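First up is the structure itself, then whatever we jot down about it.
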Ligand code: 6R9
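In the UniProt record's numbering, the protein residues as written are 1 to 647.
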């Protein structure tokens, strides 16, 4: 993506600026004294005991933030709001997929979390033990996470769409003593078994023993389940009957809060470890300032699943620490039909809406008449996360969903960073479609070449690697059980300088705006020219016939790599044959450069995506290079991929 001229930037309205949580003073304070700034941000939380030192970096790259401080994460997310007199405020407007719904106030949430904490204690779990959570988006999933946090237990949420094999791998790696699940989960009106998958996972590998002592099952769909006496227990027969009184104990700021597995370049997933004080400080700070959240006024909705980091940081910990009132939705966006999200926005008056570019492009594919059939005037701020958002989708999002007024915050971060790192501040930044813009106050990043030299601002060829050159409070503390891999993956590349290597390419445009270009393994090298897959995808999606595009660099004898594109057409596309393919090639050639002209374009019905909505380019590359397929276990629908391959 090349930088767009300054006049293409969207400044926030005067009205927005006047009421915004964050103004320019935030950056000034952070620049004056970065560590003192983070100390001030940590004061957003309730500490049972104050810290003595903001940062101890002496054992780098393993940080300790707020050294000596003690807090309870769940107390910060629930109890203190009740104590402050907000017990009757709705914390969660929960919408079930089949149309059932439930409002949970902070008082009710406190009672539920306390019951679960009492039951977990009764079965002998103690601080430091691991708990696997394998559940759909129901209130009990959030209650379970908070109950773990309350007791100093470390949760490992495994996406409920993952296979039994993936679950077993994660249970074994973390040696979980308890697995929490449901009988089944709703998927497009049908009950898909889930408890059965847990059994399959635990009985897999023949007699190989596992660490699990109990499986706690929430009844959700009513489907019959296999049962193992003495190991399996129903939530409604245990947790539901436990005492709703529980006093939260303080834990060290560095008490591990969760492990979340993310796929790396090798087969074995990495268990990313996050701790308590720094993590909660930065999720709270970013949720407050990036989303401009006003407790008691806003209705917030993050459409992620708790199975990935966005659900942890921007459904559970950040928002609840800020006394949010939020929507939590169990199902898919087209269940029962494509109006579902907009019905929910209307029903609850959602004012802040945070989603992923892939969903925005899906909405575009379904057509603007769908959102336009609804009153979306409550929306005042939009967010994007997960991949670079192409300018066309950005503009559509702002215009059709944001009523041409809502600022868009394009938030760059990772499972590893724990919280948002690069994003506009909605009352400060004039945003450019497709740019993440700038590091947040308190965060420091650089764009450098292979040798660690700064790339030149604004130059067209000045793509570089994104590195984080200062530790940040919510940074990962390591990879579970594998300190060497932690160092090798993130810290070896720029060991001399001591920088964290993010694995993303980025550039500054001529105005100094920061553009994230996607994973560096997605940056192609065509005859020595660096071209980002995102840049070509954006050009393709800019064509009126194209709904979605995925681009990979495939080995090419003469040019090093050749560009291979996979595109999904809009229903309205009249032309579908070779003529269209030629037209698309010409379009890319025109909008970027002839160097970027795809070698091949394949028209396909679907693209292979992970559960978190990321296109699996690795698999497309396998197809483009005629290889055997790699691991497809994290795909939402592996069959889709067979369809593409057969072409
Ligand atoms: C939060 C999350 C991290 C990777 C990251 C980058 C991509 C996320 C982005 C973005 C461009 C954004 N990414 N947000 N790229 N602009 N706003 O997605 O975590 O699942 O660990 O993925 O996602 O490539 O390195 P995670």
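Think of the CB as a built atom: it goes at the ideal place given N, C-alpha and C, for glycine as much as any other residue.
Note that the structure is a prediction, hence the values are computed from the model and not measured.
What's the C-alpha gap between residue 7 and residue 337?
Caution applies to residue 7, whose pLDDT of 47 falls short of 50 and renders its modelled position unreliable; the value that the coordinates give is listed next. If you take the alpha carbons of residue 7 and residue 337, they lie about 39 angstroms apart.
So, does the segment 479 to 494 touch the segment 423 to 436, judging by three or more C-beta pairs under 8 angstroms?
These segments do not touch.
Which residues mark the beginning and the end of the alpha helix (DSSP H) in which residue 118 is found?
106 to 122 is the span of the alpha helix (DSSP H), which, as asked, contains residue 118.
Three-state secondary structure (DSSP) at residue 322?
Of the three classes helix, strand and coil, the one that applies to residue 322 here is coil, per DSSP.
Please confirm whether any heavy atom of ligand 1 lies closer than 8 angstroms to the CB of residue 253.
No, the Cβ of residue 253 stays beyond 8 angstroms of every heavy atom of ligand 1.
By a C-beta neighbour count over all protein chains shown, 10 Å radius and 16 as the cutoff for buried, is residue 36 buried or exposed?
The residue in question, residue 36, is exposed, as its Cβ has fewer than 16 Cβ neighbours within 10 Å.
Put residue 46 into one of helix, strand or coil per three-state DSSP.
Residue state for residue 46 is assigned as coil, using DSSP reduced to three classes.
Check: residue 595 C-beta below 8 angstroms from any heavy atom of ligand 1:
Answer for residue 595: no, Cβ out of range of ligand 1.
Short Cβ contact (9 angstroms threshold) for residue 285 with residue 442:
With a cutoff of 9 angstroms on beta-carbon distance, residue 285 and residue 442 are scored as near each other.
For residue 614, is the beta carbon positioned less than 8 angstroms from some heavy atom of ligand 1?
For residue 614, the shortest separation between its Cβ and any heavy atom of ligand 1 lies below 8 angstroms.
Under 8 angstroms: do the segment 191 to 208 and the segment 221 to 228 share three or more Cβ pairs, one atom per stretch?
As far as the Cβ criterion goes, the segment 191 to 208 touches the segment 221 to 228, which means the pair count is three or higher.
Taking the continuous alpha helix (DSSP H) assigned at residue 128, which residues delimit it?
No alpha helix (DSSP H) contains residue 128, which DSSP labels as neither H nor E.
Residues in the same chain with beta-carbon distance under 8 angstroms from residue 496, minus the five sequence neighbours each way, listed in chain order, please.
For residue 496, where only same-chain residues beyond five positions count, the Cβ hits under 8 angstroms are 452.
Determine which residues share a DSSP beta bridge with residue 270 and list them.
Its beta-bridge partners are 262.
Determine the direct distance from the alpha carbon of residue 578 to that of residue 413, and round the result to whole angstroms.
One alpha carbon belongs to residue 413, the other to residue 578, and they sit about 39 angstroms apart.
Run the proximity test for residue 415: is its beta-carbon closer than 8 angstroms to any non-hydrogen atom belonging to ligand 1?
For residue 415, the shortest separation between its Cβ and any heavy atom of ligand 1 lies below 8 angstroms.
My parser needs the beta strand (DSSP E) runs of 3 or more residues fully inside the segment 438 to 464; what are they?
Counting only runs of 3 or more, we get 445 to 448.
Length-filtered (4 minimum) alpha helix (DSSP H) runs lying within the segment 516 to 557
Complete alpha helix (DSSP H) runs here, min 4: 533 to 541.
Going by beta-carbon coordinates alone, are residue 300 and residue 327 separated by less than 9 angstroms?
Closer than 9 angstroms, so yes.
For the 8 angstroms Cβ check, are there 3 or more pairs between the segment 468 to 477 and the segment 525 to 539?
The way I'd put it, the segment 468 to 477 doesn't touch the segment 525 to 539; fewer than three beta-carbon pairs between them come closer than 8 angstroms.
Is there at least one non-hydrogen atom of ligand 1 closer than 8 angstroms to the beta-carbon of residue 518?
Residue 518 Cβ: within cutoff of ligand 1.
Can you tell me whether residue 543 is buried or exposed? The criterion is at least 16 other CB atoms within 10 Å of its CB, across all chains shown.
Of the residues assessed, residue 543 falls on the buried side of the cut-off, its CB having 16 or more other CB atoms within 10 angstroms.
Among 356, 455 and 562, nearest to residue 510 - alpha-carbon criterion:
With distances taken between Cα atoms, residue 510 lies closest to 455.
Should residue 478 and residue 158 be called a contact, given that it needs their Cβ atoms to be closer than 9 angstroms?
Taking C-beta atoms as the reference points, residue 478 and residue 158 fail to come closer than 9 angstroms.
Straight-line gap, residue 440 to residue 396 (C-alpha atoms, nearest Å)
Roughly 25 angstroms between the two C-alpha positions.
I believe residue 276 touches residue 390 by the beta-carbon criterion, under 8 angstroms. Please report the beta-carbon distance rounded to the nearest angstrom.
A Cβ-Cβ distance of about 37 angstroms is found for the pair residue 276 and residue 390, leaving them out of contact under the 8 angstroms criterion.
Exposure of residue 368, with buried meaning 16 or more beta-carbon neighbours within 10 Å:
Label assigned to residue 368: exposed.
Within a Cβ cutoff of 6 angstroms, which residues of the same chain sit near residue 56, ignoring the five residues on either side of it in sequence?
Excluding positions up to five away in sequence, the list reads 64 and 67.
State the start and end residues of the unbroken alpha helix (DSSP H) segment that holds residue 494.
Looking at the DSSP string, residue 494 is not in any alpha helix (DSSP H), and its letter there is neither H nor E.
Taking DSSP as the reference, what is the three-state secondary structure of residue 342?
Note: residue 342 maps to helix in three-state DSSP.
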